[in-house]
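Novice: The structure's right below; bear with me while I get my questions together.
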Amino acid sequence: MSPPRQPLSAVIITLNCVRALPDCLDSLAFADEILVVDSGSTDGTVELAQARGARVIQQDWLGFGPQKQFAVEAARHDWVLCVDSDERVSTELRISIVSALAQPALSAYRFPRCNRFLGRMLRHGEGYPDWSLRLFDRRQARWSDDPVHEKVLTQGAVGRLKGDLLHESAETLETYLTKQNRYTSLAAASMAERGKQAGWGKILGSPLLRFFKFYFLRLGFLDGLPGLIHILIGCGTAFAKYAKLLELRAGKKPQ
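Take the numbering used here: the final residue in the sequence shown is number 452, and no numbers are missing along the way.
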């Protein structure tokens with residue numbers, strides 16, 4: 198018999214992810230509740246989630262941060278584990294989560310995320326350990342309001358758990374690049390609203406420093422060609438984000 202622990206709600210936001218969802222749901226079977234917040238799927242995602250015993254709520258898209266916070270607030274339990282539909286909890290991570298919830302010493306925990314890219318699980322560079330804060334007590338932490346690159350905000354200390362969150366994305370490179378293009382537009386708009394500036398230093402320096410950090414210091418070269426491509430795309434998104442910010446700032450100047 199398992200020792201008593203804090204009850205846990207696993208929450209997932211979804212949109213047309215019926216192929217990836219089964220493995221995700223299977224890995225969350227240890228949770229006391231699985232809550233799926235769907236934003237209009239038409240591929241059978243909702244029906245699959247319900248058939249697997251998940252509670253499903255429909256909510257029009259609010260942006261990544263607000264959508265995830267909506268899901269957290271709709272959960273039945275205060276301790277929440279937030280995962281994406283193409284992620285799954287490894288056995289080691291499940292054991293760590295259950296152990297932490299038996300007697301929580303902190304109100305939030307992060308753990309490494311391992312990303313599959315071009316058929317390879319990345320173990321270095323920008324792809325690993327990709328520390329992700331996903332387990333927390335919603336009474337003491339919450340998702341930010343950022344429409345993209347959202348993060349969990351907490352004032353207390355954050356613990357670390359062993360075991361990987363496995364990101365098994367099956368998207369094509371074309372889809373991945375399209376998503377990065379959308380993300381950089383959202384990030385640029387957010388920076389513009391906060392009055393951020395883009396100059397030579399950011400546009401040139403940010404991609405170069407990013408490459409040096411992740412390819413050399415973080416040993417990204419050990420992940421072979423997939424690792425190199427992953428890092429180069431990241432450098433390109435850094436450039437695109439600041440270039441788009443420059444465009445937005447220039448558009449606001451008086452003619």
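Ideal Cβ positions, reconstructed from N, Cα and C, are used throughout, including at glycine.
What is the DSSP secondary structure of A251, reduced to helix, strand or coil?
Specialist: Coil, per DSSP.
Novice: Judging by CA-CA distance, which residue of L205, P201, A246 and A207 is the nearest neighbour of N213?
Specialist: Taking only the C-alpha atoms, the option nearest N213 is A246.
Novice: Excluding the 5 residues preceding and the 5 following M388 in the sequence, name in chain order all residues of the same chain whose CB lies nearer than 6 angstroms to its CB.
Specialist: L442, listed in sequence order.
Novice: In three-state DSSP terms, what is G396?
Specialist: Of the three classes helix, strand and coil, the one that applies to G396 here is coil, per DSSP.
Novice: Quick one: grab the DSSP three-state call for H364.
Specialist: In the structure shown, H364 sits in a strand (DSSP, three-state: E or B).
Novice: Identify which residue in A440, Q256 and G262 has its Cα closest to the Cα of V345.
Specialist: Considering only alpha carbons, the answer is G262.
Novice: My understanding is that R310 touches D420, with C-beta atoms under 8 angstroms, so please give their C-beta distance in whole angstroms.
Specialist: Not confirmed; about 15 angstroms, so no contact.
Novice: Got a sec? Which residues, its chain only, sit under 8 angstroms from D342 by beta carbon, not counting five neighbours each side?
Specialist: Taken in chain order, the residues that qualify are G260, G262, P263 and Q266.
Novice: Can you give, in chain order, each stretch of the beta strand (DSSP E) that sits fully within the segment 243-331 and has at least 3 residues?
Specialist: Listed in chain order, the complete beta strand (DSSP E) runs (minimum 3 residues) inside the segment 243-331 are 252-255, 276-281, 284-286, 305-308 and 310-314.
Novice: Can you give me the Cβ contacts of R407 inside the same chain, cut-off strictly under 7 angstroms, excluding the 5 residues immediately before and after it?
Specialist: Same-chain partners within the cutoff: G431, C432 and A435.
Novice: For a quick check, are the C-beta atoms of I210 and V234 less than 8 angstroms apart?
Specialist: Yes.
Novice: Return the chain-ordered list of same chain residues with a C-beta closer than 7 angstroms to the C-beta of R273, the five sequence neighbours on each side being excluded.
Specialist: Excluding residues within five positions, the ones whose Cβ falls inside 7 angstroms are S206 and E230.
Novice: Should L405 be listed as close to the ligand SAH, given that the test is whether its C-beta is under 7 angstroms from any heavy atom?
Specialist: What this structure holds is no ligand at all, so the ligand SAH is not there to describe.
Novice: Assign E323 to buried or exposed, taking buried as 16 or more other Cβ atoms, counted over all protein chains shown, within 10 Å of its Cβ.
Specialist: E323 should be labelled buried.
Novice: Apply the 10 Å Cβ neighbour rule to N378 and answer buried if 16 or more other Cβ atoms are within range, or exposed otherwise.
Specialist: The residue in question, N378, is exposed, as its Cβ has fewer than 16 Cβ neighbours within 10 Å.
Novice: Just how far apart, CA to CA, sit L222 and T372?
Specialist: Straight-line Cα distance between these residues: approximately 24 angstroms.
Novice: Taking just the CA atoms, how far does V277 sit from S287?
Specialist: Computed Cα separation, rounded: 17 angstroms.
Novice: Hey, how far is the Cα of P219 from the Cα of A395?
Specialist: C-alpha separation (whole angstroms): 43 angstroms.
Novice: By Cβ distance below 8 angstroms, which residues in the same chain neighbour E270 in space, the five residues on each side in sequence not counted?
Specialist: Within the same chain, E270 has close Cβ partners R335.
Novice: Can you check DSSP and say which residues form a bridge with I428?
Specialist: The partner list for I428 (beta bridge, DSSP) is empty, contrary to what the question assumes.
Novice: Answer yes if the segment 354-364 comes into contact with the segment 410-424, meaning at least three C-beta pairs across the two stretches below 8 angstroms, and no otherwise.
Specialist: Output reads no: the segment 354-364 does not touch the segment 410-424.
Novice: Could you spell out the range, first to last residue, of the beta strand (DSSP E) harbouring D153?
Specialist: The structure shown does not extend to residue 153, since the chain is modelled only from 198 to 452, so the question has no answer here.
Novice: Beta carbon of L290, beta carbon of F308: below 8 angstroms?
Specialist: Their beta carbons are under 8 angstroms apart, which means L290 touches F308 by this criterion.
Novice: Please check the pair T381 and A447, which I expect to be a contact at CB under 8 angstroms, by giving their CB distance rounded to whole angstroms.
Specialist: No, T381 and A447 are not in contact; Cβ-Cβ is about 17 angstroms, not under 8 angstroms.
Novice: In whole angstroms, give me the CA-to-CA distance for Q293 and G360.
Specialist: Looking at the sequence provided, one finds Ser at residue 293 rather than Gln. C-alpha separation (whole angstroms): 7 angstroms.
Novice: With a threshold of 8 angstroms on Cβ separation, who are the neighbours of L350 within its own chain once the five nearest residues in sequence on each side are excluded?
Specialist: Once the five neighbours on either side are set aside, the close Cβ partners of L350 are A338, R339, W340 and S341.
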